Amino acid sequence: MAETQIEWTDATWNPVAGCSIVSAGCTNCYAMEMARRLHAMDVAKYKGLTRRSGKRTVWNGIVREDADALAIPFSWKKPRKIFVNSMSDLFHERVGDGFVQKVWDVMRATPHHHYQILTKRPERMDLLLRSKIPDVLPNVWLGTSVENEDVIGRVDYLRHVPAAIRFISFEPLIGSVGAVDLRNIDWAIVGGESGRSARPIREEWIDEIYEQCTLHGAAFFFKQWGAWGKDNKRRSKKANGREYRGTHWDQMPKAAVGA
Ligand code: SF4
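Numbering-wise (our numbering), the sequence shown opens with residue 2 and increments by one.
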């Protein structure tokens with residue numbers, strides 16, 4: 002829970018620690034390496050959540066609910082956009098239904114904040130919201146991550162989830178998503194992968210998403226190229242920058258402008 006460098010939010014809040022890999026977009030998950038470092042720094046919440054696999058650090062499958070973290074949003078008096086679980090996935094199968102309900106209670110009791118929940122498990126999100134969390138909170142944005150066509154089915158779960166705002170993070174974009182159907186989707190974030198093992202992004206894959214945003218009236222946010230530039234050459238993330246079609250794209254969902 003902290004101020005963050007992530008361009009589309011103001012703060013992160015992590016009521017859960019630990020996760021497990023679910024699809025290709027997770028391969029270079031920054032949270033695994035961050036959890037290893039926090040373990041080395043003796044941060045109790047992140048103790049023993051990862052293991053070594055060859056030269057890499059990966060999750061070991063332990064997922065920890067952090068009840069103490071539930072108090073944090075109450076201490077933030079100034080309204081913020083809060084990315085929920087930047088270090089995990091709230092809808093991981095090892096997070097109890099009751100704990101997810103407690104997270105919802107916090108969000109309901111702090112309507113001055115906007116919460117952005119991003120999951121790679123939208124099927125569980127859909128199930129839980131329909132069965133155990135009946136109210137649609139106006140300050141909660143629900144999203145899913147889609148890195149390539151293999152996981153495009155996540156969009157259909159998201160489209161039918163009851164939510165004030167629905168969004169998709171196409172990051173890291175590592176393959177084409179074709180003419181992805183963005184009906185009933187409010188916002189698309191697009192970005193390339195960073196780091197030593199980053200996989201390339203292609204401008205034509207971004208074009209496909211941009212065109213669907215235009216067609217369906219979804220806001221478009223281009224976060225970064227990452228390690229690979231539009232010329233398909235590798236250089237620093239900073240050098241590649243955030244420009245697409247000659248400008249920066251920082252659109253936010255229409256229903257949330259001013260949030
Ligand atoms: S779901 Fe998110 S936090 Fe979990 S392994 Fe994948 S990228 Fe990392």
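Each residue gets a CB set at the ideal place from its N, CA and C atoms; glycine is no exception. None of these values were measured; they are calculated from a predicted model.
| query | result |
| --- | --- |
| Taking only runs that begin and end inside the region 198 to 251, name each unbroken beta strand (DSSP E) of 3 or more residues, in chain order. | 220 to 225 |
| Helix, strand or coil for L119 per DSSP? | strand |
| Compute the minimum distance between the beta carbon of V152 and the heavy atoms of the ligand MG, and state whether it is under 8 Å. | Absent from the structure shown: the ligand MG. Ligands present: the ligand SF4. |
| Per the contact definition of three or more C-beta pairs closer than 8 Å, is the region 169 to 185 in contact with the region 241 to 258? | no |
| Report back the beta-carbon spacing between G19 and L39 to the nearest angstrom; my notes put them in contact at under 8 Å. | Between L39 and G19 the Cβ distance is about 11 Å, and since that is not below 8 Å, they are no contact. |
| What three-state label does DSSP hand L143 in the structure shown? | strand |
| Residues in the same chain with beta-carbon distance under 6 Å from I63, minus the five sequence neighbours each way, listed in chain order, please. | G19 and L50 |
| Would you give the residue range spanned by the beta strand (DSSP E) that R184 belongs to? | Unbroken run through R184: none, as it is neither H nor E. |
| For A220, count neighbouring Cβ atoms within 10 angstroms of its own Cβ and tell me buried if that reaches 16, exposed if not. | buried |
| For a test of the three-state rule: what should DSSP assign to R38, helix, strand or coil? | helix |
| On the criterion of 16 or more Cβ atoms from any shown chain inside 10 Å, does Y31 qualify as buried, or is it exposed? | exposed |
| For the beta strand (DSSP E) holding V85, just list the boundary residues, first then last. | K82 to V85 |
| Which stretch, first to last residue, makes up the alpha helix (DSSP H) that contains I73? | I73 to S76 |
| Report yes if the CB atom of I169 is closer than 9 Å to the CB atom of V141, and no otherwise. | no |
| Which first and last residues belong to the beta strand (DSSP E) in which A110 is found? | First-last for A110: D98 to A110, but that is the alpha helix (DSSP H), not the beta strand (DSSP E). |
| Can you tell me the Cα-Cα spacing of E209 and A110, whole angstroms? | 39 Å |
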